[in-house]
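Structure first, commentary second.
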Amino acid sequence: MTAGEGTARVGGTTPPPAAPGAGGGPVPPVVELRSVSKSFGRYDALRDVSLSVPAGTVTCVLGDNGAGKSTLIRTLSGLHRPTSGEILVDGEPVRFRGPRDAIDAGIATVHQDLAVVGQMSVWRNFFLGQELTGRTGTLRQREMRRVTAGALREMGIDLADVDVPVGSLSGGQRQVVAIARAVHFGARVVILDEPTAALGVKQSGMVLRFVAAARERGIGVVLITHNPHHAYLVGDRFLLLNMGRVVLDAAYGDVSLEQLTLEMAGGGELDALSHELRAGR
């Protein structure tokens, strides 16, 4: 089966070519890692990893536990400094001193715990730490409600009441609120840490449609996942990590879901094990 055959894509196929930059050449990726390694003592968590995130694309990073996905997230979000290699934003090398530098560069991370307050309303969570206030310091509640509902609606989610506690929403809806918040407050790249983990099919579909909607708005998305089926529905490029190394780097048109799933499961090692175990049967 060829790449993409028999698999319905969410939100279209591959992205259009990059528009010309100011000098007539292609626009550089919003964020890029070049030959980045990260070591903790003698342990190499990342080894010579390169990653490119153009605007309006979804880059999927896959791997089992311990593959290096968490270290990659923390490096992109400014929590870890690379031991070697470099990070570029808009084609220019940068050194993130902390998460605030990454946020200021337009890189937002939505972690698995979502950093939401379950008892607070949807609109209060949406503006948490970014509240709109009047001259006397009073909250502009009506405006924040309106903006929250509008931002969610623009991304394809029509929530009936933004006054309900965010904890009363489904897991998929909470993910959507967190992603919409990042996009509204200026993120150009959104890093999603296992957004469909522990979600059912319907809720996972909601999140993946939202990922596709963010791409259509020109947002670069880094989707961290261990689920190749979810990745293949929205991904434009796939990186598979194993023991901190990139063992697969392929565009959507160059790899099939079957190949991606096989590599995720162990690739050649799995084939060798299968032959070994079946030889004695």
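Residues 1 to 281 (the UniProt record's numbering) are what the sequence shown spells out, left to right. Here a beta-carbon is modelled for each residue, glycine too, at the ideal position from N, C-alpha and C.
Cβ neighbours of G218 within its own chain (closer than 7 angstroms, five residues either side excluded): A55 and G56. Less than 8 angstroms separates the beta-carbon of V117 from that of L128. G66 and V49 have their alpha carbons spaced roughly 15 angstroms apart. Ranked by Cα distance from G41, the options T83, P29 and T75 are led by T83.
Residue pairing for F238: DSSP places it in a beta bridge opposite C60 and A250.
Exclusion of the five residues before and after S204 leaves T196 as the residues of its chain whose Cβ lies within less than 6 angstroms of its Cβ. Annotation for A108: the continuous beta strand (DSSP E) segment containing it runs I107 to V110. Within the same chain, Cβ atoms closer than 6 angstroms to the Cβ of E86 are found at R34 and P93, the five residues on either side in sequence being excluded. The stretch 210–225 makes contact with the stretch 149–166; the number of CB pairs closer than 8 angstroms reaches 3 or more. Under the DSSP assignment, D101 falls in the alpha helix (DSSP H) whose first and last residues are P99 to D104. Here the alpha carbons of A115 and G200 stand approximately 21 angstroms from one another. In the DSSP assignment, D44 forms a beta bridge with S39. Taking T148 as reference, the option from R100, V166, T138 and E263 with the minimal CA-CA separation is V166. Here the alpha carbon of L51 sits roughly 6 angstroms from the alpha carbon of E32. For T71, the enclosing alpha helix (DSSP H) has its first and last residue at K69 to L76.
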